[in-house]
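Mapping to this note's numbering: the sequence shown position 86 is 91, numbers consecutive.
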Amino acid sequence: MNSKQYREHELVGKVLTAEPYMYDSTFKRAVVTICDYKPNDGAIGFILNKPIKMQIAELVADFPEFEAHVSYGGPVATDTIHFVHNVGELIDNSIKVMPGLYWGGDFNKLKFLIRSEIVIPENVRFFVGYSGWEPDQLNGELDAESWIISEMDPNYAFNNRKNKNLWRDVLTLKGDSYSVIAQMPERNSNN
């Protein structure tokens, strides 16, 4: 197997789409946006297509009433809340992942902007936990072809509220043989 060492700029701001035969229930048909990647430190991302039927105000004390989309971000630190947004210039300490997609920032400032109705639900996405990889772990999974790398579109996070068909949509947009893979039915058995 020919191992490739990915550089930071090659994965940050991309999405990883699970290959169709991934049976790990956490990542089966998952679409993960990569927000941080450093070969010697590992990677952090968030699953975009595993919604949770809860509002953010149910998860965070003293959070303003807000009809925001909450998703399961991944199996790491599931006792934490993370967020991505498209208003980076308004929230101090945001990390720009790519144009139109920022990660984190000053949580109190976010709450203030929500109370002031400057930030609306279409601007922010919340996650319980995150997807994390140790150094070289993600490279190994990419070498094993467990993930398909695609370009991230901020619409995947902010305009695709139900995310029911996101796995299929990302592969279809990638084109070529991926659009054929996108049509594969989901199977619930290992046969």
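We put the beta carbon where it would ideally sit given N, CA and C, even for glycine.
Practice problem: Determine the direct distance from the alpha carbon of Lys9 to that of Thr38, and round the result to whole angstroms. | Solution: Indexing the sequence shown from 1 puts residue 38 at position 33. Indexing the sequence shown from 1 puts residue 9 at position 4. So the two alpha carbons sit approximately 20 Å from each other.
Quiz prompt | Sheet register partners of Thr38 (DSSP bridge) | solution = Residue mapping note: residue 38 aligns to position 33 of the sequence shown, counting from 1. Answer by DSSP bridge pairing, in chain order: Val20 and Phe51.
Quiz prompt | According to DSSP, residues forming a beta bridge with Pro56 | solution = Start at 1 with the first residue of the sequence shown, and residue 56 comes out as number 51. Pro56 is bridged to Ser76.
Quiz item: Using a Cβ-Cβ cut-off of 8 Å (strictly less than) and excluding sequence neighbours within five positions of Pro44, which residues of its own chain qualify?
Solution: Position 39 of the sequence shown, counted from the first residue, corresponds to residue 44. So the list reads Gln10, Tyr11, Arg12, Glu13, Pro140, Asp141 and Asn144, once near-sequence residues are dropped.
Practice problem: Could you check the C-alpha separation between Asp174 and Ala187 for me, to the nearest Å? | Solution: The count along the sequence shown starts at 1 and reaches residue 174 at position 169. The count along the sequence shown starts at 1 and reaches residue 187 at position 182. Asp174 and Ala187: Cα-Cα distance of roughly 7 Å.
Exercise. Go ahead and pull the three-state DSSP assignment for Ala82.
Key: Start at 1 with the first residue of the sequence shown, and residue 82 comes out as number 77. Of the three classes helix, strand and coil, the one that applies to Ala82 here is strand, per DSSP.
Quiz item: Do you know offhand how far Ser151's Cα is from Ser121's?
Solution: For the purposes of this step, residue 151 is taken as residue 146 along the sequence shown, with counting starting at 1. For the purposes of this step, residue 121 is taken as residue 116 along the sequence shown, with counting starting at 1. Between the alpha carbons of Ser151 and Ser121 lies a gap of roughly 43 Å.
Exercise. Just the C-alpha distance for Gly110 and Ile96, rounded to the nearest angstrom, thanks.
Key: Here residue 110 refers to the residue found at position 105 when the sequence shown is read from its first residue. Here residue 96 refers to the residue found at position 91 when the sequence shown is read from its first residue. Cα to Cα, Gly110 sits roughly 6 Å from Ile96.
Exercise. Please classify Ser121: does DSSP put it in a helix, a strand, or coil?
Key: Position 116 of the sequence shown, counted from the first residue, corresponds to residue 121. Looking at Ser121 - three-state DSSP - the assignment turns out to be coil, as it is neither helix nor strand.
Self-check item: DSSP three-state assignment for Arg12, whether helix, strand or coil
Solution: Walking along the sequence shown from the start, residue 12 turns up at place 7. Looking at Arg12 - three-state DSSP - the assignment turns out to be coil, as it is neither helix nor strand.
Quiz item: Among Ser155, Asn168, Asn164 and Ala162, which one has its Cα closest to the Cα of Leu16?
Solution: On the sequence shown, residue 16 is found 11 positions in, with the first residue counted as 1. Each of Ser155, Asn168, Asn164 and Ala162 was checked against the Cα of Leu16, and the nearest Cα belongs to Ser155.
Quiz prompt | beta strand (DSSP E) segment containing Val129, residue limits | solution = Here residue 129 corresponds to residue number 124 of the sequence shown, with the count starting at 1. Note, Val129: beta strand (DSSP E), Val129 to Trp138.
Self-check item: Among Phe163, Trp172 and Val185, nearest to Val75 - alpha-carbon criterion
Solution: Sequence index remark: in the sequence shown, residue 75 carries index 70 (1-based). Of the candidates Phe163, Trp172 and Val185, the one whose C-alpha sits nearest the C-alpha of Val75 is Phe163.
Quiz prompt | 8 Å CB neighbourhood of Phe71 in its chain, flanking five on each side removed | solution = The sequence position of residue 71 within the sequence shown is 66, counting from 1. Within the same chain, Gln60, Ile61, Ala62, Ile119 and Pro126 come within 8 Å of Phe71 by CB-CB distance, once the 5 residues on both sides are set aside.
Quiz prompt | Close Cβ partners of Gly78 (< 7 Å) along its chain, the five nearest in sequence each way excluded | solution = Translated into positions along the sequence shown, residue 78 becomes position 73. If we look at Gly78 and ignore the five residues flanking it on each side, its Cβ neighbours are Phe51, Ile52, His87, Phe132, Val133, Gly134, Tyr135 and Ser136.
Self-check item: Buried or exposed (CB count within 10 angstroms, at least 16 for buried), Tyr28
Solution: Residue mapping note: residue 28 aligns to position 23 of the sequence shown, counting from 1. Exposed, because fewer than 16 other Cβ atoms sit within 10 Å of the Cβ of Tyr28.
Quiz prompt | Of the listed residues Ala82, Tyr26, Asn54 and Tyr107, nearest to Lys169 (C-alpha basis) | solution = Your numbering for residue 169 matches position 164 in the sequence shown. The shortest C-alpha separation from Lys169 is found at Asn54.
Practice problem: Would you identify the three-state DSSP class for Val92, choosing helix, strand or coil? | Solution: Along the sequence shown, one-based indexing puts residue 92 at 87. Looking at Val92 - three-state DSSP - the assignment turns out to be coil, as it is neither helix nor strand.
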